[in-house]
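The opening residue of the first sequence carries number 1 in the UniProt record's numbering; numbering runs sequentially from there. Virtual Cβ for every residue (Gly too), placed ideally from N, Cα, C. As the structure is a computational prediction, the values presented were derived from the model and not from experiment. Worksheet: one structure, shown below.
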Amino acid sequence: MHLIIAEKNIAANRIAQILSGKDKVSAKKESGVNVYTFGEKTSVGLRGHVVEVDFVEGYTNWRSEERPPRSLIDAGTIKRPTEPAIVKLIQKIAKKANRITIATDFDTEGELIGKEAYELVRAVNPKVPVDRARFSAITREEINRAFSEPAEIDFDLAAAGEARQVVDLIWGASLTRFISLAAKRGGGNILSVGRVQSPTLAMIVDREREIESFIPEPYWEISLTSEKDGEIIEARHAEGRFTDKTLADAAYAGTKDPLLVTEVKEGKRVDRAPTPFDTTGFIVAAARIGYSAANAMRVAEELYMNGFISYPRTDNTIYPPSLNLDNILSTLEKTRFAPDVEWVKKNRRKKPTEGKKSSTDHPPIHPTGVATPEQLGENWKLYELVVRRFLATLSPDAEWATMRINMDASGQGYIATGSRLIDAGWRTVYPYSEAKDTFLPVVKKGERLKIQDLNLEEKQTQPPPRYSQSKLIQVMEELGLGTKSTRHEVIQKLISRKYIEGNPLRPTLVGKAVTDSLEAHASTITRPDMTQKLEQSMEAIKVRHQSRDVVVDDSRKMLHQVFNELEPNQAVIGQEIMGQTDEELTLGPCPVCGKDLRIRRKGGSQFIGCNGYPDCTFNISLPGTMWGSAIRTKKVCDIHNLYHVSLIAKGARPWEMGCPLCQLIEQQKEHYAKMPSMTEALQKKFLDGKIFSLYDLTRTDPAVLVKRTGVTGKQADTLIREANDVLDFIRKRSECKKFMKQFVPPKRGRSHSKVMNGFAECGINSIGDIVTSSHDLLKKSGLSDEEAKTLKNEAGLLIAKQQLKDMGIPAISLKKYHEAGFITPEQIFASHPAILSHKCGISIDTVNKHLTLIASALNKPAPEKISKKQFESGREELLSIPDISETALLKLYQAGIIDKKSLRTANPVGVIKNSGLSKDMVYKIREAAQG
DNA sequence: GCAAGGTC
């Protein structure tokens with residue numbers, strides 16, 4: 001008897017049908033397993049792997065003292081049946097067999113599954129010959145060929161698969177146990193780690209970090225509309241994005257009628273027909289019509305099991321030659337797609353389209369059977385997708401006519417583009433992506449049009465998008481993470497572990513915490529490189545350059561090193577993760593609305609916010625995370641029923657902060673003391689009225705304050721005004737401290753806070769105060785001579801800069817003034833515009849504008865303006881006088897001399913005095929200016 | 001109770 005072992009039941013059945021020829025196949029169930037007999041042959045299907053790798057006995061207790069997570073690295077492994085019924089049946093039949101053929105899938109895992117079957121067989125029948133049939137599709141042609149030329153099992157290929165199994169098990173199990181124990185997570189709440197899942201999670205976390213730290217930048221786009229014979233032309237500025245507002249403004253202002261057509265370019269664009277579906281391609285297309293990855297695969301599985309489509313787990317995007325495409329077309333003629341098939345037959349392309357990947361195990365996903373919408377219900381949509389994709393791969397490319405119109409509006413270039421589908425090609429049978437025409441009217445070079453509408457739009461650069469499931473699967477494929485059958489399951493696993501959530505995918509706090517911890521202490525497991533290295537090793541095993549055992553042992557050594565780093569940090573890792581979980585961050589009821597208060601973190605800052613946000617804005621600020629991450633302690637405040645908070649930093653004792661609300665109230669007393677009208681009785685009324693801080697007070701409407709606390713309207717106004725003053729004072733002081741810290745290093749006995757206290761005693765409470773305070777006063781606060789000087793100087797610079805900015809001088813010009821040595825508004829105002837323009841490299845018009853701004857801010861009359869023309873021609877006039885050099889020119893500007901005329905008419909004595917030029921020189925050039 | 005890979 002000849003036993004044929006296939007990878008799955010459905011394959012066993014189909015193989016039997018094909019090989020039986022005219023004989024009838026008898027299908028029976030033996031202890032729940034399908035057995036197909038025909039002639040003297042018997043065909044049985046496995047269920048993928050029917051055995052699994054696991055540790056030898058004695059490692060089941062996670063908390064065992066003698067067997068800690070690290071001990072799993074060197075623990076022995078065994079293969080244990082996971083499908084005992086199938087294992088038993090195979091062995092029962094194998095005993096009586098005189099030939100056995102392994103007919104599992106034609107890939108690495110298939111070879112391993114075959115070897116597993118081989119070992120089961122050998123255990124009960126040491127002598128029976130075992131061969132191997134390899135086929136890339138279960139078609140009559142392929143199966144007959146494969147069975148007519150039986151081959152041997154490739155034990156090297158299978159060994160490569162075994163290496164992967166063991167490496168995955170020891171890394172996954174040991175790290176999962178370690179992290180879960182460190183974070184005190186057990187039961188159904190464990191934290192898993194793995195070669196595929198951890199890098200996938202890290203990608204999602206990394207993306208979130210990019211989004212969090214993204215700083216949007218403004219840019220400007222200019223577009224215009226015009227019209228020809230009633231048809232609209234939309235064009236955009238040739239520059240595209242402007243990153244400089246001044247340039248955009250100039251381009252906008254410079255866009256004037258007429259709009260001259262400078263060039264009309266017509267062309268064609270080929271729109272390639274899509275390539276055959278592999279699993280990833282199918283998932284992406286299904287996502288476009290609303291299916292999640294897991295759902296799409298579930299439906300595909302169902303369609304496959306019922307014979308409507310081919311095997312849905314494949315990496316292949318090239319139809320193998322053995323696949324009879326004509327037969328598939330004839331089959332489809334019996335469906336409601338007959339008209340589409342008709343069209344494809346008439347217009348069929350020479351060769352079907354091809355993708356980049358081919359593989360030996362299965363053909364691309366294609367239809368295999370006839371179905372009706374009534375039969376399939378909801379699943380029809382995906383059947384239709386597979387049918388239409390198949391038809392599209394046999395259809396001609398689509399073609400677009402393209403047009404580009406280049407235009408010029410008084411020196412500003414504009415571009416309009418249009419396209420029109422002239423040959424729908426494959427789009428006729430595959431209507432899933434929209435083919436939108438953008439028409440442009442016919443215009444000729446040299447034609448003049450009118451600008452109807454001109455738009456300057458400010459936009460902002462956007463952060464990268466979060467991953468959708470299908471995008472993530474595509475990226476996983478690019479990085480080699482997971483396989484066609486497992487990628488969607490990995491995503492589901494991350495969701496069920498509560499590492500990620502939402503659509504598109506976002507990491508949860510736990511997901512972030514686990515990734516951060518692994519990246520800090522076991523980064524190997526968070527990188528896709530591990531898979532790539534493993535694949536290289538597997539390749540080496542396949543060609544016998546390395547043995548399975550050496551590869552696995554090397555991997556064991558690496559894992560030991562990872563544990564060398566992990567074990568000493570167990571406590572820190574636990575804290576890092578526990579401190580991030582929802583429960584650990586929840587403190588108790590919000591005093592304003594009663595919902596939960598929670599510690600929230602963003603970047604380097606943390607605060608306590610209300611879960612009722614944005615309806616409830618109550619919050620308490622916390623010190624930055626550099627002082628430690630805030631987590632709750634076990635104590636609860638009797639008054640407010642809130643958990644106490646403590647800050648935990650690496651290598652430091654936890655900083656117990658106590659009840660955050662008590663803290664807040666205590667802190668506010670100090671602030672309230674600075675308000676002249678505040679009394680203790682009022683403070684009590686405020687607390688009863690649920691106003692907990694100075695900040696709350698400034699944000700409360702006077703009418704609301706009256707209602708909540710019973711103060712009079714006039715009192716309310718006064719209190720709010722005073723609160724604003726104090727808040728302003730506090731802000732200025734913190735600004736001052738931040739500024740001082742940059743220039744005054746802390747010393748023993750002189751902390752930054754101590755310096756600030758010294759300042760307060762001297763009445764220095766803002767950066768402005770530093771400028772006006774005396775040198776000695778600064779020294780009294782503990783600063784050295786040098787430090788006092790620097791601080792005062794820098795403060796002066798900063799204040800001047802701020803003043804100029806407030807007056808409306810843009811940052812770019814400010815920098816230019818500064819570099820040329822013009823610091824304060826007064827300095828700039830006192831200088832002659834010609835000098836400013838010359839020394840700073842700012843155009844005279846702009847200088848004039850700035851001087852007007854400064855004059856009005858300083859409450860002084862604006863200086864006389866010099867026009868650009870006057871300035872430039874004057875400069876040429878003066879330089880044409882042989883004795884006037886560039887340096888002399890500057891000196892003349894100082895004396896207000898800007899051209900020959902002013903040189904002639906100015907009082908020479910004044911010129912000599914103000915310019916610093918010699919008497920002889922001045923008279924000489926005056927002479928020259930007469931001519 | 002751990003992984004990843006098959007299959008249902």
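Check, Outcome
"Within the region 841–901, note down every full alpha helix (DSSP H) run reaching 4 residues or more, in order along the chain.", "844–858, 868–880, 886–894"
"Which residues does DSSP list as the beta-bridge partners of Cys-662?", "DSSP output for Cys-662 lists no bridge partner at all."
"In angstroms, rounded to a whole number, what distance separates the CA positions of Ala-151 and Asp-423?", "49 Å"
"Name the two residues that bound the continuous beta strand (DSSP E) containing Pro-589.", "586–589"
"State the start and end residues of the unbroken alpha helix (DSSP H) segment that holds His-757.", "The amino acid at residue 757 is misidentified as His; the sequence shows Asn. Asn-757 -> alpha helix (DSSP H) spans 752–761."
"Can you tell me which of Val-299, Gly-574, Ser-31, Asp-408 puts its alpha carbon nearest to the alpha carbon of Lys-184?", "Gly-574"
"Where do the N-terminal and C-terminal ends of the alpha helix (DSSP H) with Cys-736 fall, by residue?", "713–743"
"Using 8 Å for Cβ pairs, my map puts Phe-282 next to Ala-296. What's the rounded Cβ distance?", "7 Å"
"Since Ser-621 is in the beta strand (DSSP E), which residue starts that stretch and which ends it?", "619–621"
"If we count Cβ pairs, one from each stretch, closer than 8 Å, do we get three or more for the region 370–388 versus the region 196–203?", "no"
"Give me the Cα-Cα distance between Glu-210 and Lys-512, rounded to the nearest whole angstrom.", "13 Å"
"So for Asp-361, helix, strand or coil by DSSP?", "coil"
"Taking 8 Å as the limit between beta carbons, can you name the residues of its chain near residue 952, skipping five residues before and five after?", "Lying before the first or after the last residue shown, residue 952 is absent from the chain, which here runs from 1 to 931."
"Considering only the alpha carbon of each residue, which of Ser-470, Gly-502, Ile-500, Tyr-499 lies closest to Arg-487?", "Ser-470"
"Keeping to the same chain, check which residues put their C-beta closer than 7 Å to that of Thr-586; ignore five residues upstream and five downstream.", "Asp-596, Arg-598"
"If you run the structure through DSSP and keep just helix, strand and coil, what is Gly-651?", "Note that Gly-651 has pLDDT 42, beneath the 50 cutoff, so the model's placement of it is unreliable and the number below is only indicative. It is coil, neither helix nor strand."
"Hey, which unbroken runs of the beta strand (DSSP E) at 3 residues or more fall wholly within the region 217–279?", "218–228, 231–237, 259–271"
"Within the same chain, show all residues whose beta-carbon is closer than 7 Å to that of Met-1, passing over the 5 residues directly before and after it, in chain order.", "Glu-40, Thr-42, Lys-96, Ala-97, Asn-98"
"Compare the Cα-Cα distances from Pro-129 to each of Glu-119, Asp-437, Asn-724, Asn-907 and report the closest residue.", "Glu-119"
"Quick one: grab the DSSP three-state call for Leu-694.", "helix"
"Contact between the region 67–84 and the region 171–184: three or more CB pairs below 8 Å?", "yes"
"Along the chain, which unbroken stretches of the alpha helix (DSSP H) at least 4 residues long are found entirely within the region 38–111?", "84–96"
"I'd like the ranges of any alpha helix (DSSP H) spanning at least 4 consecutive residues and lying wholly in the region 444–508.", "469–479, 487–496"
"Output the distance between the C-alpha atoms of Ile-93 and Gly-425, rounded to the nearest integer angstrom.", "55 Å"
"Which value, in whole angstroms, describes the spacing of the CA atoms of residue 962 and Lys-381?", "Given that the chain is displayed from residue 1 to residue 931, the structure contains no residue 962 and the question cannot be resolved."
"Can you list, in chain order, the residues of its chain whose CB lies under 7 Å from that of Gly-651, leaving out five sequence neighbours each side?", "Residue confidence is low: Gly-651 scores 42 on pLDDT, short of 50, so the model does not pin down where it sits. Its coordinate-derived value is still stated next. Result list for Gly-651: empty, nothing under 7 Å."
"What number of angstroms, rounded off, separates the C-alpha of Glu-142 from the C-alpha of Leu-494?", "39 Å"
"Would Ile-854 and Met-807 qualify as a contact pair, given that the criterion is a beta-carbon distance under 7 Å?", "yes"
"With distances taken from CA atoms, which of Ser-867, Lys-868, Leu-851, Lys-869 is nearest Pro-861?", "Leu-851"
"Judging by CA-CA distance, which residue of Glu-354, Thr-887, Tyr-36, Thr-246 is the nearest neighbour of Lys-839?", "Thr-887"
"Can Ala-6 and Gly-45 be called in contact, C-beta distance under 7 Å?", "yes"
"Buried or exposed: where does Met-407 fall if 16 or more other Cβ atoms within 10 Å of its Cβ makes it buried?", "buried"
"Compare the C-alpha of Asp-397 against each of Leu-440, Ala-285, Arg-272 and name the closest.", "Arg-272"
"Taking 7 Å as the cut-off, decide whether the C-beta atoms of Val-514 and Leu-169 are in contact.", "no"
"Whole angstroms is fine: what's the gap from Tyr-923's alpha carbon to Ala-929's?", "10 Å"
"What separation, rounded to the nearest whole angstrom, lies between the Cα atoms of Glu-535 and Leu-642?", "52 Å"
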